[in-house]
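S.K.:
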Amino acid sequence: MSKDQLLTKLWEQYVEITPSALKIHELLEDKGEEIKNDHIAIRTFNDKRVNIEVLEKPFLNVGYEAKGEYHFETKKLFAKHYEHATDKDAPRIFISELELEKCSADLQNTVENLLNSCDQNAFNNPELVLSGSVWNGNSQAVYKSLLEESEYAAWMYVYGFRANHFTINTNALKGFKTLEELNNFLESSGWELNSSGGKIKGTPEQLLEQSSTLADLYDIDFEEGTLKVPSCYYEFALRYPMSNGELYQGFVASSADKIFESTDVKLQKAL
Numbered sequence: 001m002s003k004d005q006l007l008t009k010l011w012e013q014y015v016e017i018t019p020s021a022l023k024i025h026e027l028l029e030d031k032g033e034e035i036k037n038d039h040i041a042i043r044t045f046n047d048k049r050v051n052i053e054v055l056e057k058p059f060l061n062v063g064y065e066a067k068g069e070y071h072f073e074t075k076k077l078f079a080k081h082y083e084h085a086t087d088k089d090a091p092r093i094f095i096s097e098l099e100l101e102k103c104s105a106d107l108q109n110t111v112e113n114l115l116n117s118c119d120q121n122a123f124n125n126p127e128l129v130l131s132g133s134v135w136n137g138n139s140q141a142v143y144k145s146l147l148e149e150s151e152y153a154a155w156m157y158v159y160g161f162r163a164n165h166f167t168i169n170t171n172a173l174k175g176f177k178t179l180e181e182l183n184n185f186l187e188s189s190g191w192e193l194n195s196s197g198g199k200i201k202g203t204p205e206q207l208l209e210q211s212s213t214l215a216d217l218y219d220i221d222f223e224e225g226t227l228k229v230p231s232c233y234y235e236f237a238l239r240y241p242m243s244n245g246e247l248y249q250g251f252v253a254s255s256a257d258k259i260f261e262s263t264d265v266k267l268q269k270a271l
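The sequence shown begins at 1 in my numbering and counts up one residue at a time.
#1: If we ignore side chains and look at the alpha-carbon of each, how far apart do residue 221 and residue 7 end up?
#2: Beta carbon of residue 170, beta carbon of residue 60: below 8 Å?
#3: Give, in chain order, every unbroken run of the alpha helix (DSSP H) that is at least 4 residues long and sits entirely within the stretch 104–147.
#4: Exposed or buried, what is residue 196 when buried is set at 16 or more other beta-carbons lying within 10 Å of its beta-carbon?
#5: Classify residue 64: buried if its beta carbon has 16 or more other beta carbons within 10 angstroms, exposed otherwise.
#6: Once the 5 residues before and after residue 41 are set aside, which same chain residues still bring their CB inside 6 Å of it?
#7: Let me know the secondary structure DSSP gives residue 255 once reduced to three states.
#8: Are the CB atoms of residue 107 and residue 46 within a distance shorter than 8 Å?
#9: Straight-line CA distance for residue 121 to residue 58?
#10: Could you give the DSSP three-state label for residue 61: helix, strand or coil?
#11: Given a threshold of 16 other Cβ atoms within 10 Å of its Cβ, counted over all protein chains shown, does residue 76 qualify as buried or as exposed?
#12: Between which two residues does the alpha helix (DSSP H) carrying residue 14 extend?
#13: Below 8 Å, how does it come out for the stretch 203–212 and the stretch 224–238: are there three or more Cβ pairs, yes or no?
#14: In the DSSP assignment, the alpha helix (DSSP H) including residue 188 goes from what residue to what residue?
#15: Could you check which residue in 147, 55 and 188 has the C-alpha nearest to that of residue 264?
#16: Whether or not the stretch 78–85 and the stretch 135–153 are in contact is what I'm after, with contact meaning three or more pairs of Cβ atoms, one per stretch, closer than 8 Å; do they touch?
#17: Just curious, the beta strand (DSSP E) that residue 40 is in, first and last residue?
#18: Between residue 216 and residue 226, is the Cβ-Cβ spacing less than 8 Å?
#19: By the three-class DSSP mapping on this structure, what secondary structure does residue 210 have?
#20: I need the boundaries of the beta strand (DSSP E) containing residue 100, first residue and last residue.
#21: Leaving out five residues before and five after residue 22 in sequence, what residues of the same chain have Cβ atoms less than 8 Å from its Cβ?
#22: Count the CB pairs spanning the stretch 126–140 and the stretch 47–57 that are closer than 8 Å, and state whether there are at least three.
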């Protein structure tokens, strides 16, 4: 699979459960904007069968290289980001994993049982990152028990391996000079933004500003009945030049920590 095929498949899966992203994409295109993608984020567990080293493979195979590493102590996450070696317009890839050993025994057992229940050959699939939920994630009780401890784990239980969010490169937009202008336009068009830690996360001094919509609510048919579960969100990033004049390419952990909360059920209920 080529780089463009991989990225296109990730986008197609993403908009299938995140219709708001496609609507925002079209809204900006109608204003004459050409949308460029800053980065794509993917979630996983740090179990050796599905950890970052497994999910990075298809990206390494199409020319991506590992760059920065990030730790999120409160959410018990570790992440790495990747940049394409030759295509500077290719989106960065951001892969995070839940550090299971830092979680409760109950959560660890639940995740281990999930992974053990799968056809183990599924984890050797070179397209695992596109496979969604390879386990039977249809128990509302399991979902809610995971949610009590880790929204991240609960999201993984339902949605599995797929893009968690795409990100508009705000620097490439012609009609918006600041992220605040873009946010105001989106809100005036009826979109709710993630306000955790402020609607804009990061500062010019940190060389990166980020904002995001709240995740769409998607109907999941559990065995106990249908429940609306936050799916994915659309992010917006504005990068600032470093001392050498080149735009900063990495991420700010404190900002990403709040962006993760765009899929948080509690944030949805606060509206």
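For each residue, glycine too, the CB sits at the ideal point set by N, CA and C.
M.R.: Working from what's here:
#1: In this structure, the CA atom of residue 221 is about 28 Å from the CA atom of residue 7.
#2: Their beta carbons are not under 8 Å apart, which means residue 170 does not touch residue 60 by this criterion.
#3: 105–116
#4: Taking all protein chains in view, the Cβ of residue 196 is crowded by 16 or more other Cβ atoms within 10 Å, so the residue is classified as buried.
#5: buried
#6: 94, 164 and 165
#7: helix
#8: no
#9: A direct Cα-to-Cα measurement between residue 121 and residue 58 gives close to 16 Å.
#10: helix
#11: Label assigned to residue 76: buried.
#12: 3–17
#13: yes
#14: First-last of the alpha helix (DSSP H) with residue 188: 179–188.
#15: 147
#16: Segments in contact, no.
#17: 37–45
#18: no
#19: Under the three-state reduction of DSSP output, residue 210 falls in the strand class.
#20: Residue 100 -> no beta strand (DSSP E), and no H or E assigned at all.
#21: 15
#22: yes
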